[in-house]
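Following: one structure in C-alpha cells, then a few remarks.
Protein chains: 2
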Amino acid sequence: MQKILNVALDNRSYPITIGENLLSQFEHFKLHSGQRVLVVTNDTIAPIYLQDLLDMLEAHGVKTDSVIVPDGEQYKTMETWNQILTALLANNHTRSSILVALGGGVIGDVAGFAASAYQRGIKFIQVPTTLLSQVDSSVGGKTAINHPLGKNMIGAFYQPQSVVIDINCLKTLPQRELSAGLAEVIKYGIIMDSAFFNWLETHIDDLLNLDVDALSYCIYRCCELKAQVVAADETEQDMRAILNLGHTYGHAIEAELGYGNWLHGEAVSVGMLMAAQTAKLLGLLADKDIERIENLLIKAKLPVKRPEQMAIESYIPHMLRDKKVISGKLRLVIPTKIGQVEVMDGIEKSVVLESINNS
Amino acid sequence: MQKILNVALDNRSYPITIGENLLSQFEHFKLHSGQRVLVVTNDTIAPIYLQDLLDMLEAHGVKTDSVIVPDGEQYKTMETWNQILTALLANNHTRSSILVALGGGVIGDVAGFAASAYQRGIKFIQVPTTLLSQVDSSVGGKTAINHPLGKNMIGAFYQPQSVVIDINCLKTLPQRELSAGLAEVIKYGIIMDSAFFNWLETHIDDLLNLDVDALSYCIYRCCELKAQVVAADETEQDMRAILNLGHTYGHAIEAELGYGNWLHGEAVSVGMLMAAQTAKLLGLLADKDIERIENLLIKAKLPVKRPEQMAIESYIPHMLRDKKVISGKLRLVIPTKIGQVEVMDGIEKSVVLESINNS
Ligand SMILES: NC(=O)c1ccc[n+]([C@@H]2O[C@H](COP(=O)([O-])OP(=O)(O)OC[C@H]3O[C@@H](n4cnc5c(N)ncnc54)[C@H](O)[C@@H]3O)[C@@H](O)[C@H]2O)c1
Ligand SMILES: NC(=O)c1ccc[n+]([C@@H]2O[C@H](COP(=O)([O-])OP(=O)(O)OC[C@H]3O[C@@H](n4cnc5c(N)ncnc54)[C@H](O)[C@@H]3O)[C@@H](O)[C@H]2O)c1
Ligand SMILES: [Zn+2]
Ligand SMILES: [Zn+2]
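Written out as C-alpha cells, the structure reads:
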C-alpha cells in the first residue's frame with residue numbers, strides 16, 4: 001500500500017507517492033513507453049539502486065541513459081551541473097526528455113536545477129533516497145548549486161512532475177544520516193504541530209527501526225506540513241521563515257567546522273536547542289518544553305550539546321552572514337511552545353551568546 | 001516623447017519604454033533611491049554608455065556596481081554567466097538587488113539568465129542597445145547561454161521588470177548590425193502584418209537614416225506583434241514557430257560558415273528568401289511577392305544571395321540538427337502571401353535543395 005499526497009502550488013499540481021518498494025513499480029513515475037529519460041545519481045547510490053531502476057524503466061519501453069556524479073556536498077557545484085547538462089546534450093536529449101533525480105538532497109538540488117535550465121526547462125522526477133530529502137526537498141520546488149562564495153546561491157524554483165519516495169531505500173542509509181533526517185522531522189512538530197510532536201515521542205523508536213507504517217505516516221505528514229507552509233508563503237511573506245528553526249545557529253556550526261564534519265541535521269538539532277534557550281531567556285518557553293525537545297532529540301540519536309572545540313564568539317559572524325539576516329539585525333525563529341514559533345527581529349547579541357553558552 | 005507598450009504575460013506585466021535619450025531619464029527604470037543595482041555590459045559598450053548610466057543612477061540615490069564581460073557571441077558561455085554571478089556575490093548583492101543588462105542580445109541573454117538564477121531569481125531590467133535586441137529579445141522572456149554542444153541550450157524563461165529602449169543608442173551601432181536587425185523587422189511584416197510590410201517599403205530609408213519617429217513606430221510595432229505571438233503560444237502550441245521564418249535555412253549558413261562570419265540577421269535574410277522559394281515550388285506564393293520581399297531586403301542593405309562558398313548539400317545536415325526538427329522530418333515556416341505563413345511538416349528534401357539552389 002502506498003500513500004499519495006497531491007501538492008498544488010503555482011497552479012501546478014504533482015503527486016508525492018510514499019510506500020515500500022516503489023522503485024520497482026512503474027506506475028508511480030507517470031512515464032510512458034517511448035519516452036526518454038536521463039537518470040542522475042551519484043557513485044554511492046549507483047551500485048545499490050541504479051541498474052534495477054534502469055532495467056525496470058526499460059522493461060516498460062522507456063529509453064534510459066544515466067549519469068553518475070561524485071558523492072558529496074562539495075560536488076554540488078557548477079561543474080557537476082554542467083556534467084549533467086553535457087550528458088543531456090551528448091545523448092541528444094530533447095525538450096520532451098525527462099530527468100530523474102535518484103539520491104539525497106544534493107542530487108535532487110543539482111539535478112533539479114539542470115532540469116530547469118536544459119532547453120529552458122524539461123520535466124523532472126524526484127526520487128529522494130535520504131530521509132532528509134524525503135521530508136524536506138520533496139516539497140517547495142527549490143533547486144540550487146553552491147558557489148565558492150556561498151551555499152545554494154545559484155538555482156531556480158522548479159517543481160517536479162512527480163516525487164517517488166521508496167521507504168525501502170532507507171535500509172541502506174547510514175544511521176547517522178537517518179538521524180539527521182529526524183532532526184528536520186522533529187522540527188515540523190516544534191514549529192507547527194504539537195500532536196505530531198506527541199506522536200513522535202511515542203514512535204521515535206519505530207522510525208529508527210524503519211517500521212514501514214510509522215515511516216510512511218511520518219513522511220506523509222512532514223510533506224503535508226511543508227506544503228502548507230510553502231503555499232501560505234505565496235501571500236504571507238514571513239511564513240516560510242519558520243522552516244528555519246535552528247538553522248541560523250546550525251549554519252554557524254556547519255560553516256565554522258567545515259561542511260561535512262557535522263551533518264546539517266545534527267547542526268540543526270543543536271541549533272533548535274539554542275533557539276529554545278533564547279526563547280527561555282526571553283521568558284517565552286517553559287522548561288518542561290525544552291526538556292521534551294531535548295529528550296526527543298536524544299532518543300533520535302542526535303547531538304544536543306554544542307561542539308566543544310568551537311568558541312562562543314565565533315557563532316555571531318556566521319549568523320550575521322546568514323541569507324535570512326536583514327541589515328545586520330539578528331532575526332531568529334523562536335519556539336514559544338511545542339507546536340508554535342515566532343519569527344523575531346532585532347534580538348540582542350548578548351541573549352544569543354548566552355543561549356549558545358547554555359547549550 | 002516616448003511610447004510605452006505594456007506586455008502582459010504569465011500573469012505578470014511589464015512596460016517597454018521606447019524613445020530618445022532614455023538612458024539619462026531615471027523614471028523609465030522603475031528604480032528607487034536606496035536600491036542596489038549591478039549593471040552588466042561588455043567592453044565595446046562600456047566605454048560609450050556605462051559611466052553616464054552609472055552617474056545618472058547614482059545621482060538618484062541608486063547604489064551601483066558594474067561588471068564588464070568580453071564582447072561577442074563566443075562569450076555567451078557558462079564562464080561569462082559565472083563571472084556575473086561572482087560579481088553579484090563578491091559585492092554582497094542580496095535578493096532585493098536589481099540587475100541591469102546594457103547591451104545587445106548577447107548581454108541580455110546571459111545577464112537575464114544570471115538574474116533568473118541568482119538566489120533563485122532577482123529582478124532585472126533590459127536596456128537593449130542593438131536594433132535586433134530591441135525588436136526581438138525585449139519580448140518573450142527567453143534567456144540563455146550557449147554550450148559547446150549547442151547554441152542557447154541552457155537558460156530560463158524569465159521576464160524583466162521593465163525594458164528601456166533608447167533609440168539614440170543606435171547611432172553608434174555599426175551599419176551592418178543595424179541591417180541585421182532590419183531582417184527581423186521585415187520578418188514580422190512577412191509572417192503576420194502586410195500593412196506593416198507596406199509601411200516598411202516606404203520607410204526603410206528613414207529607418208536606415210535613424211529617423212526617430214520611424215524607428216520608434218517600427219520598434220513599438222515589432223514588440224507588439226511579438227507579444228501577440230508569444231501570448232497566443234500559451235494556448236496554441238505552434239504559434240511561436242512562425243517567428244522562425246528563414247531561421248532553419250539561416251542556421252545552416254551560420255553553423256557551416258562559423259558563427260560570426262555571417263551575422264544572424266544576414267543569414268535570416270537569405271533564409272527567408274529560401275523559404276519563399278520553397279513556397280513558390282509548392283505553388284503557394286506568387287512571384288511578385290517574392291520580388292517585393294527581395295527588394296525590401298536589398299533596400300535594407302541585406303544579402304539576398306546565398307554564400308557562394310557553401311555547397312548546397314551541406315545545408316541539410318545542419319537543418320536536420322535544428323531544435324525545431326521533430327523526428328528527422330523537415331518542418332519549415334512557409335510564406336503563403338505577404339503577411340501570412342504556414343508551418344509545414346514533412347517537406348521533401350528535393351524541394352528544399354531546389355529552393356536553396358534557386359536562391
Ligand atoms: N531543495 C530543498 O528544498 C532542500 C531542502 C533541504 C536540504 N536541501 C539540500 O539537500 C542537501 C542535503 O541532503 P541530504 O541530507 O539528503 O544529503 P546527501 O544528498 O549528501 O545524502 C547524504 C549521504 O547519503 C548517501 N545516500 C543517499 N541515499 C542513500 C541510500 N538510500 N543508501 C545509502 N546511502 C545513501 C549519499 O550518497 C550521501 O553520501 C543539502 O545540499 C541541502 O542544501 C535541499
Ligand atoms: N532572448 C531572445 O528572445 C533573443 C532573440 C533574438 C536573439 N537573441 C540572441 O541575441 C544575440 C544576438 O543579439 P545582437 O544581434 O544584439 O548581438 P550582440 O549582442 O552580439 O551585439 C552585436 C554587436 O554590436 C555591439 N553593440 C551593441 N550595442 C551597440 C551600440 N549601441 N553601439 C555600438 N555597438 C553596439 C555589440 O557589442 C556587438 O559587438 C544572439 O546570441 C541571439 O541568440 C535572443
Ligand atoms: Zn534544514
Ligand atoms: Zn532571429
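For the protein sequence lines, the chains are A and B, in the order given.
So the first sequence is numbered by the UniProt record's numbering: it starts at 1 and just counts up by one.
So the second sequence is numbered by the UniProt record's numbering: it starts at 1 and just counts up by one.
Ideal Cβ placement from N, Cα and C applies to all residues, glycine included.
Note that the coordinates shown come from a computational prediction; the quantities given were computed from them, not determined experimentally.
Look at the segment 14 to 26 of chain B: it has no residue with a C-beta under 7 Å from a C-beta of chain A. Looking from the CA of B:Asn358, the closest CA among B:Leu330, B:Val341, B:Ala276 and B:Arg331 belongs to B:Ala276.
For the segment 250 to 280 of chain B, the beta-carbon criterion of a distance under 9 Å to any beta-carbon of chain A is satisfied by none of its residues. By the rule that beta-carbons nearer than 8 Å mark a contact, A:Tyr75 does not touch chain B. At least one heavy atom of ligand 2 sits closer than 7 Å to the Cβ of B:Cys169.
For B:Leu132, the CB falls within less than 7 Å of some heavy atom of ligand 2. In the DSSP assignment, the residues bridged to A:Leu332 are A:Met344. The DSSP-derived three-state label of A:Gln159 is coil.
Cβ contact annotation for A:Gln161 (same chain, cutoff 8 Å, sequence separation greater than five): Tyr14, Lys30, Ile98, Lys123, Phe124 and Ile125, in chain order. Chain A places a beta carbon closer than 8 Å to that of B:Ala117, counting this residue as a contact. In the DSSP assignment, no residue is bridged to B:Ile290.
Residue side-chain check: A:Glu184 places its Cβ nearer than 7 Å to a non-hydrogen atom of ligand 3. Among the residues facing chain A, B:Arg292 is not included, as its CB has no counterpart in that chain under 8 Å away. At least 8 Å separates the CB of A:Leu353 from every CB of chain B. Interface criterion not met: the Cβ of A:Gly61 is under 8 Å from no Cβ in chain B. Annotated three-state conformation of B:Val37 is strand, per DSSP.
Buried is the label assigned to A:Leu245, since at least 16 other Cβ atoms lie within 10 Å of its Cβ.
Scanning the UniProt domain "3-dehydroquinate synthase N-terminal" (67 to 179) of chain A from its first residue to its last, the whole beta strand (DSSP E) runs of 3-plus residues come out as 98 to 103, 123 to 128, 142 to 147, 150 to 157 and 162 to 166. At least 8 Å separates the beta-carbon of A:Asn146 from that of A:Lys226. Taken through DSSP and simplified to helix, strand or coil, A:Gly19 comes out as strand. In its chain, beyond the 5 residues on either side, Ile68 have a beta carbon closer than 6 Å to the beta carbon of B:Ala46.
In this structure the segment 338 to 358 of chain B touches the segment 271 to 289 of chain B; the number of beta carbon pairs closer than 8 Å is three or more. For A:Phe157, at least one C-beta of chain B is nearer than 8 Å to its own C-beta. Cβ neighbours of A:Ser179 within its own chain (closer than 6 Å, five residues either side excluded): Ala300, Lys301 and Leu302. With a cut-off of 7 Å, the C-beta of B:His318 is classified as distant from ligand 4, since no heavy atom of the ligand falls inside that distance.
Taking 8 Å as the cut-off, the beta carbon of B:Phe113 is found closer than this to the beta carbon of B:Gly155.
Setting aside the 5 residues that flank it on each side, A:Gln74 is surrounded in the same chain by Tyr259 and Gly260, each with a C-beta closer than 8 Å to its C-beta; the list follows chain order. Those residues of the segment 24 to 43 of chain A placed with their C-beta closer than 8 Å to a C-beta in chain B do not exist. The C-beta of A:Met78 comes closer than 8 Å to at least one C-beta of chain B. Not one beta carbon of chain A lies nearer than 8 Å to the beta carbon of B:His247. Between the segment 51 to 68 of chain B and the segment 198 to 209 of chain B, the count of Cβ pairs shorter than 8 Å is below three; the stretches do not touch. The CB of B:Gly150 comes closer than 8 Å to the CB of Leu89 in chain A, given here in chain order. Taking a 10 Å sphere around the C-beta of B:Arg331, we find 16 or more other C-beta atoms and assign the residue as buried. Between A:Lys226 and chain B, the shortest Cβ-Cβ separation is not below 8 Å. The three-state reading of DSSP puts B:Thr278 in helix, counting H, G and I together.
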